[in-house]
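> Supplied in structure tokens, the structure appears directly below.
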Amino acid sequence: MWSSCWTYSLNLSSVPGDGDGQSRWCLSQVKGAVDDDVAEADIISAVEFNHSGELLATGDRGGRIVIFQQEQESKNLPQCRAEYNVYSTFQSHEPEFDYLKSLEIEEKINKIRWLPQKNAAHFLLSTNDKTIKLWKISERDKRPEGYNLKEEDGRYRHPSSLTTLRVPVFQPMDLMVEASPRRVYANAHTYHINSISVNSDNETYLSADDLRINLWHLDFTDRSFNIVDIKPANMEELTEVITASEFHPLQCNTFVYGSSKGSVRLCDMRASALCDQHSKLFEEPEDPSTRSFFSEIISSISDVKFSHSGRYMMTRDYLTLKIWDLHMESRPVETYQVHGYLRSKLCSLYENDCIFDKFECCWRGDDSEVMTGSYNNFFRMFNRDAQRDSTLEASWENGSPGCPLKTWRVCTGSRRKRNEIGVDCLDFSRKILYTSWHPQDNIVALATVNNLYIFQEKPN
Amino acid sequence: MDVEAKRIMAVSIGKLYSLRTQRGGLRLHRSLLLSMTMRAARDIYHTAQLLRDAEEEQVVPCAPDAATEEPMEISKDSPQTLTPKEVAVKPQETLEEDKENRCASERHSRKRRGKTAVEPDFLPLKKAKMDTDEEKQHLQGEVLRTNNGNSCRQAETLSAFPTNRAIVAC
Chain A
12 MWSSCWTYSL NLSSVPGDGD GQSRWCLSQV KGAVDDDVAE ADIISAVEFN HSGELLATGD
72 RGGRIVIFQQ EQESKNLPQC RAEYNVYSTF QSHEPEFDYL KSLEIEEKIN KIRWLPQKNA
132 AHFLLSTNDK TIKLWKISER DKRPEGYNLK EEDGRYRHPS SLTTLRVPVF QPMDLMVEAS
192 PRRVYANAHT YHINSISVNS DNETYLSADD LRINLWHLDF TDRSFNIVDI KPANMEELTE
252 VITASEFHPL QCNTFVYGSS KGSVRLCDMR ASALCDQHSK LFEEPEDPST RSFFSEIISS
312 ISDVKFSHSG RYMMTRDYLT LKIWDLHMES RPVETYQVHG YLRSKLCSLY ENDCIFDKFE
372 CCWRGDDSEV MTGSYNNFFR MFNRDAQRDS TLEASWENGS PGCPLKTWRV CTGSRRKRNE
432 IGVDCLDFSR KILYTSWHPQ DNIVALATVN NLYIFQEKPN
Chain B
14 MDVEAKRIMA VSIGKLYSLR TQRGGLRLHR SLLLSMTMRA ARDIYHTAQL LRDAEEEQVV
74 PCAPDAATEE PMEISKDSPQ TLTPKEVAVK PQETLEEDKE NRCASERHSR KRRGKTAVEP
134 DFLPLKKAKM DTDEEKQHLQ GEVLRTNNGN SCRQAETLSA FPTNRAIVAC
């Protein structure tokens, strides 16, 4: 996949401030093949920065993980772009076959979550539909040389040639990055895993499928505790499934899960072993004037993310982004229309399956902005403080690299100004589902179908 | 309105069938959403059908609120407007099912037909096959089609179709 990887080299000149239709975001890098013929296996399905932002992991449908590392030199220079280069590539999951149910288990990486770093090695959890794995990524830049019994190439020496005894010493070698699976957490999910989330206690994590949420200890693979089970006794009575779940960033007893009905439940593990009774239910009453055949589908929560502060929570459904104050369950405190112009197109989007697309969302490090993807390779930024939003495009064709991105407007009328596009001209095959925001700097990474885009915001 | 509902029903059934051959096994979330949409469309369709039958036979209408249905338009500017009573809710479902049995007419028999009966054209083939055409469509260009206000194509008369539960228990 990354054999044909290429990167823009950008010469950044002085950047003008926020002008007319210009943002402060610039394209920094694009990773991936440039040809239009996309292999199914190369389609990116997960993007995640680690806790320091130094590493950026991507997963694809072929079960592979590619980790990029930020160059140390450019990181400290204020005006320089933060260049990410390939650090490690490994096959995380392979296709499997469930013989009992005669079902193939896809190797597609659904989620990647980093563990906070404790030592020189990096750890991440990756999951496909059925199995979660803990990977250790470590560097090796020295190797022992001067063995007594072996030659340098590994061949054993003849005993008669051994006349001296020496202590092997570590000599520098070319940097080698190794990824090794340390734990495999399998056979705990009947349905398809949609979320994993590491707890703030750094010892446990949760995994969620359509009907159940399990709690694991990182050290134990042979057992997990079921903490949520919404499977009805009679499956014909099923009305709701779990779509996303996350632990609170600070309170190790608290987690939330979103449902296909548009509600989010907050649970406290101290209340009981099985958290079927929620502590809080976040649900906004539906607006009856917008009811349609597709109301159920578009209200389904596709992603839920706590703010870094732990005070707020963000949910993404098909058309909107909602910010909730954890202290208020009745309605969100902020609602942002991502692409409201699609409301009148739901029937067509149902036919071409786009209505089932699951968009992720993410918070800026200081929680002042949020971001999510849309169609036509657009992504949406919402500035909560300034109550301003912008539509930007992930494209290496439009505009010159290094210059600030122009903002777009989607219009329904026939007249087109520059940087306006009609709703009917949107390309629904080009979509941004996966996004991640650097935890400290203003760098965002997002995935189009098979390319990874990295954007950087320029300071004034 | 009922033509649109029938179209959505047909699309939903087709998608539910194709879900079974998808790699990775049946997706519970998707099949739940599809079956909910299909049921909502089916209820609207049946309501409209009953109305039409009642009008033709000059009997008391079966569904009290069905007369206020409006066509669902898909246009660029105006959002879909459906008042809550037009969307079938679960209690109505059982009511209508009973009325289906009571209001059966000669032309539109609601009895499930045997295997030898002719099935509507829009139903996909029951023979399991690898259907990769849909997936290919996703990867290639997908431009939203404009329909110039005509939200549905000409559909054939629906005679009977299986109304078994759409979700296969995992």
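Here the protein sequences line up with chains A and B, keeping their order. Here the working numbering is used: the first residue of the first sequence is 12, the next is one more, and so on. Here the working numbering is used: the first residue of the second sequence is 14, the next is one more, and so on. Positions of the beta carbon are idealized from the N, C-alpha and C atoms, including for glycine. Computed from a predicted model, the values in this text were never measured in an experiment.
Please say whether A:Gly376 and A:Asp452 have beta carbons closer to each other than 9 angstroms?
In contact: A:Asp452 and A:Gly376 (Cβ atoms closer than 9 angstroms).
> Apart from the five residues on each side of it in sequence, which residues of its chain come closer than 6 angstroms, Cβ to Cβ, to A:Glu251?
Ser270, Ser271 and Lys272.
> What residues in its chain sit with their C-beta under 7 angstroms from that of A:Asp140, if we drop five residues either side in the sequence?
So the qualifying residues of the chain are Ile116, Glu117, Asn121, His203 and Ile204.
> Are the CB atoms of A:Asn61 and A:Gln128 within a distance shorter than 9 angstroms?
The answer is yes: Cβ separation under 9 angstroms.
> Quick one: any contact between the region 175–188 of chain A and the region 223–236 of chain A, if contact means 3 or more CB pairs under 8 angstroms?
Cβ pair count under 8 angstroms is below three, so no.
> Any C-beta of chain B sitting closer than 9 angstroms to the C-beta of A:Leu249?
With 9 angstroms as the cut-off, A:Leu249 counts as an interface residue toward chain B.
> Suppose only complete runs of 4+ residues qualify. What are the alpha helix (DSSP H) ranges in the region 271–317 of chain A, listed by chain order?
Complete alpha helix (DSSP H) runs here, min 4: 306–310.
> B:Thr96: buried (16+ other C-beta within 10 angstroms of its C-beta) or exposed?
Annotation note: pLDDT 41 at B:Thr96 (below 50); position unreliable, coordinate value reported separately. Exposed is the call here.
> Grab the span of the beta strand (DSSP E) containing A:Asp47 for me, first residue to last.
Unbroken run through A:Asp47: none, as it is neither H nor E.
> Of the residues that make up the region 26–55 of chain B, which ones have a beta carbon closer than 7 angstroms to any beta carbon in chain A?
Those would be Arg36, Gly37, Gly38, Arg40, Leu41, His42, Arg43, Leu45, Leu46, Met49, Thr50, Ala53 and Ala54, in chain order.
> Quick one: which chain B residues come within Cβ less than 8 angstroms of A:Val252?
Those within 8 angstroms of A:Val252 in chain B are Leu41, His42 and Leu45.
> Where does A:Phe181 fall in DSSP's three states?
In the structure shown, A:Phe181 sits in a strand (DSSP, three-state: E or B).
> Which stretch, first to last residue, makes up the alpha helix (DSSP H) that contains A:Gln128?
Here A:Gln128 belongs to no alpha helix (DSSP H), and DSSP marks it neither H nor E.
> Tell me whether the region 75–84 of chain A and the region 97–106 of chain A touch, counting them as touching only if at least three CB pairs, one residue from each stretch, are closer than 8 angstroms.
The answer is yes - the region 97–106 of chain A touches the region 75–84 of chain A, with three or more Cβ pairs under 8 angstroms.
> For A:Ile308, go through chain B and note every residue whose CB falls closer than 7 angstroms to its CB, in chain order.
The contacting residues are Leu46 and Thr50.
> Tell me the DSSP bridge mates of A:Ser137?
Per DSSP, A:Ile123 and A:Lys144.
> State yes or no: is the beta carbon of A:Phe304 nearer than 9 angstroms to at least one beta carbon in chain B?
Cβ-Cβ to chain B under 9 angstroms: yes for A:Phe304.
> Do we get a CB-CB distance below 9 angstroms when we pair A:Ser271 with the residues of chain B?
Answer yes: the Cβ-Cβ gap between A:Ser271 and chain B drops below 9 angstroms somewhere.
> By Cβ distance below 8 angstroms, which residues in the same chain neighbour A:Gly384 in space, the five residues on each side in sequence not counted?
Answer for A:Gly384: Phe370, Glu371, Phe390, Arg391, Lys442, Ile443, Leu444, Tyr445, Thr446 and Leu457, listed in chain order.
> Taking 9 angstroms as the threshold (beta carbon to beta carbon), is B:Val16 in contact with chain A?
No, no contact with chain A.
> Which residues bound the alpha helix (DSSP H) around B:Met51?
Its alpha helix (DSSP H) spans residues Leu41 to Glu70.
> Contact check, A:Val460 vs A:Ile54 under 8 angstroms by CB: the rounded distance?
Contact holds; Cβ gap of about 6 angstroms.
> Pick helix, strand or coil for A:Arg354, following the three-state DSSP scheme.
Note: A:Arg354 maps to helix in three-state DSSP.
> In this structure, what does DSSP give as the bridge partners for A:Leu229?
Paired residues: none, contrary to the question.
> One question on the structure: do A:Trp374 and A:His449 come within less than 9 angstroms of each other, judged by their Cβ atoms?
No, Cβ-Cβ distance for A:Trp374 and A:His449 is not below 9 angstroms.
> Which residues mark the beginning and the end of the alpha helix (DSSP H) in which A:Met325 is found?
Element bounds for A:Met325: not the alpha helix (DSSP H) but the beta strand (DSSP E), Tyr323 to Arg327.
> Pull up the distance between the alpha-carbon of A:Leu463 and that of B:Glu17, whole angstroms please.
Between A:Leu463 and B:Glu17, the C-alpha separation is close to 40 angstroms.
> Whose Cβ in chain B lies nearer than 8 angstroms to the Cβ of A:Ile116?
Within chain B, the residues near A:Ile116 are Gly37 and Gly38.
> Apart from the five residues just before and just after A:Asp438, which ones in its own chain have a Cβ nearer than 8 angstroms to its Cβ?
So the list reads Tyr386, Asn387 and Asn388, once near-sequence residues are dropped.
> State yes or no: is the beta carbon of A:Lys119 nearer than 9 angstroms to at least one beta carbon in chain B?
Cβ-Cβ to chain B under 9 angstroms: yes for A:Lys119.
> Within the chosen definition, does the region 396–405 of chain A reach the region 52–63 of chain B through at least 3 CB pairs nearer than 8 angstroms?
With a cut-off of 8 angstroms, the region 52–63 of chain B and the region 396–405 of chain A do not count as touching, because too few Cβ pairs lie within range.
> Closer than 7 angstroms by C-beta to A:Ser274: which residues in its own chain qualify, once you throw out the five before and the five after it? Chain order, please.
These residues qualify, in order along the chain: Leu292, Phe293 and Glu294.
> Our contact map puts A:Arg124 next to A:Glu59 with C-beta atoms below 8 angstroms; I'd like the distance itself, whole angstroms only.
Indeed they touch by this definition, with Cβ atoms about 7 angstroms apart.
> Could you spell out where the beta strand (DSSP E) holding A:Arg391 opens and where it closes?
Element bounds for A:Arg391: Phe389 to Asn394.
> Output the distance between the C-alpha atoms of A:Ser208 and A:Glu257, rounded to the nearest integer angstrom.
If I take the Cα positions, the gap works out to 5 angstroms.
> Roughly how many whole angstroms lie between the Cα atoms of B:Leu46 and A:Cys286?
So the alpha carbons of these two residues sit roughly 25 angstroms apart.
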